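Residue numbers (our numbering): 3 to 311.
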Ligand code: 13P
Ligand code: SF4
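Spelled out as structure tokens, the structure:
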């Protein structure tokens with residue numbers, strides 16, 4: 003009861019403040035459902051980057067992990083970007099830093115460096131191009147280099163390498179604990195329980211799980227696939243926030259998690275109260291120096307340049 007009362011207060015205040023501040027709320031597909039429902043734009047990391055770059059409002063409130071809010075600031079430097087829960091970080095992004103990229107370059111002077119967007123801004127400053135799960139293959143294929151250091155996710159790197167056979171890859175050994183948590187034996191069991199279901203898995207999952215899947219797709223790719231597919235049952239190998247969205251968007255279809263409780267605890271730190279306090283107190287603003295913005299913008303612009311086909 004009390005939570006319902008609090009939530010209706012926060013919902014009203016968020017609506018009032020978002021108008022007063024001329025703000026827009028961007029949220030990732032892994033956010034808790036209450037945040038998904040108030041978002042002006044809900045999407046995958048590519049959608050959110052593209053939309054951030056085009057925002058007309060003065061303020062962007064970003065509900066996602068910190069590298070996403072940083073990317074929004076780089077792409078919309080004149081806007082006030084608020085990240086309501088600064089402790090919400092992607093542990094995989096923290097597996098690499100600028101110093102490690104410089105060392106890899108020294109060891110492999112003839113290789114270009116492509117980074118997953120799941121990297122902190124100081125890593126993005128040091129790399130040649132960025133990609134998301136939606137455009138990683140295109141960026142790697144189209145970027146003018148025959149040898150590529152791909153970082154930090156070894157699983158997404160393997161997925162790209164298996165499709166861009168004409169190039170040589172050096173894969174960094176980062177990984178996502180949330181997706182690595184999906185176990186092949188659990189997926190085999192779920193497949194047996196739902197033999198008609200199509201298995202859609204995020205390429206951050208481990209090799210055995212990927213091999214058991216029908217299609218490897220980022221979260222936006224999964225939504226598009228389900229929209230275009232006449233079949234009714236899907237096993238989903240990614241964070242459960244996306245499954246909640248799929249169930250809302252496609253009420254006539256059925257979605258089963260590849261294993262119970264695939265949860266990114268960092269994405270789940272957000273509550274309506276955080277969004278309300280953020281808009282009320284204009285907290286916590288993402289501040290980046292001009293140098294950081296300029297250097298990391300280059301690699302993000304290369305994502306748009308090379309990632310389109
Ligand atoms: P998407 O780009 O597919 O939304 O994925 C982001 C992410 O963090 C996956 O774990
Ligand atoms: Fe990072 Fe994995 Fe969470 Fe995505 S699901 S934000 S890669 S920890």
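Where a beta carbon is used, it is the ideal one built from N, C-alpha and C, also for glycine.
Given the structure is predicted, the values throughout are model-derived calculations rather than measurements.
>> Measuring only from the beta carbon, is residue 220 closer than 7 Å to any heavy atom that is part of ligand 1?
In response: Residue 220: yes, Cβ under 7 Å from ligand 1.
> In the segment 11-92, which residue ranges form an unbroken beta strand (DSSP E) of at least 3 residues, counting only runs that do not cross its ends?
Replying inline: Here the runs fully enclosed are 25-30, 43-45, 61-65, 82-84.
> Between residue 183 and ligand 2, is the CB less than 7 Å from at least one heavy atom?
Replying inline: no
>> Considering only heavy atoms of ligand 2 and the C-beta of each residue, which residues fall inside 7 Å, strictly closer?
In response: 32, 67, 92, 93, 94, 95, 120, 178, 179, 180, 181, 206, 241, 266, 268, 269
> Does ligand 1 have a heavy atom nearer than 7 Å to the CB of residue 273?
Replying inline: Every heavy atom of ligand 1 is 7 Å or more from the Cβ of residue 273, so no.
> Which value, in whole angstroms, describes the spacing of the CA atoms of residue 315 and residue 222?
Replying inline: Residue 315 lies beyond the residue range present for the chain, which begins at 3 and ends at 311; the question has no answer from this structure.
> Should residue 11 go down as buried or exposed, given a rule of 16 or more other Cβ atoms within 10 Å for buried?
Replying inline: exposed
> Per DSSP, residue 176 is paired with what?
Replying inline: 155
> Hey, which unbroken runs of the alpha helix (DSSP H) at 4 residues or more fall wholly within the segment 102-134?
Replying inline: If we require 4 residues or more, the alpha helix (DSSP H) runs fully inside the segment 102-134 come out as 123-126.
>> Quick check on residue 111 - is its C-beta less than 8 Å from some C-beta in chain C?
In response: In summary, chain C is missing from the structure at hand, where a single protein chain is found.
>> Is the beta carbon of residue 213 closer than 8 Å to that of residue 200?
In response: no
> With a CB to CB cut of under 8 Å and the five nearest residues on each side skipped, what residues in its chain are close to residue 301?
Replying inline: Excluding positions up to five away in sequence, the list reads 117, 126, 127, 129, 130, 131, 132.
> Start and end of the alpha helix (DSSP H) containing residue 236?
Replying inline: It is not in any alpha helix (DSSP H) - residue 236 instead sits in the beta strand (DSSP E) that spans 235-239.
> Exposed or buried, which one is residue 310 when buried takes at least 16 other CB atoms within 10 Å?
Replying inline: exposed
> Where does residue 296 fall in DSSP's three states?
Replying inline: helix
> Over what stretch of residues does the beta strand (DSSP E) that includes residue 209 continue unbroken?
Replying inline: From DSSP, residue 209 is part of no beta strand (DSSP E) but of the alpha helix (DSSP H) over 209-213.
> Under the three-state reduction of DSSP, which class applies to residue 161: helix, strand or coil?
Replying inline: helix
> Hey, how far is the Cα of residue 231 from the Cα of residue 51?
Replying inline: 26 Å
> Going by the CB atoms, is the gap between residue 150 and residue 174 shorter than 8 Å?
Replying inline: no
>> In the DSSP output, which residue or residues are listed as bridge partners for residue 202?
In response: 217, 238
>> Does residue 149 come out as helix, strand or coil in the three-state DSSP assignment?
In response: strand
> Should residue 280 and residue 86 be called a contact, given that it needs their Cβ atoms to be closer than 8 Å?
Replying inline: yes
> Are three or more beta carbon pairs between the segment 68-79 and the segment 108-122 nearer than 8 Å?
Replying inline: yes
> Ordered along the chain, which non-local residues of its own chain (more than five positions away) have a Cβ less than 8 Å from that of residue 185?
Replying inline: 211, 261
>> I need the DSSP call for residue 252, collapsed to helix, strand or coil.
In response: coil
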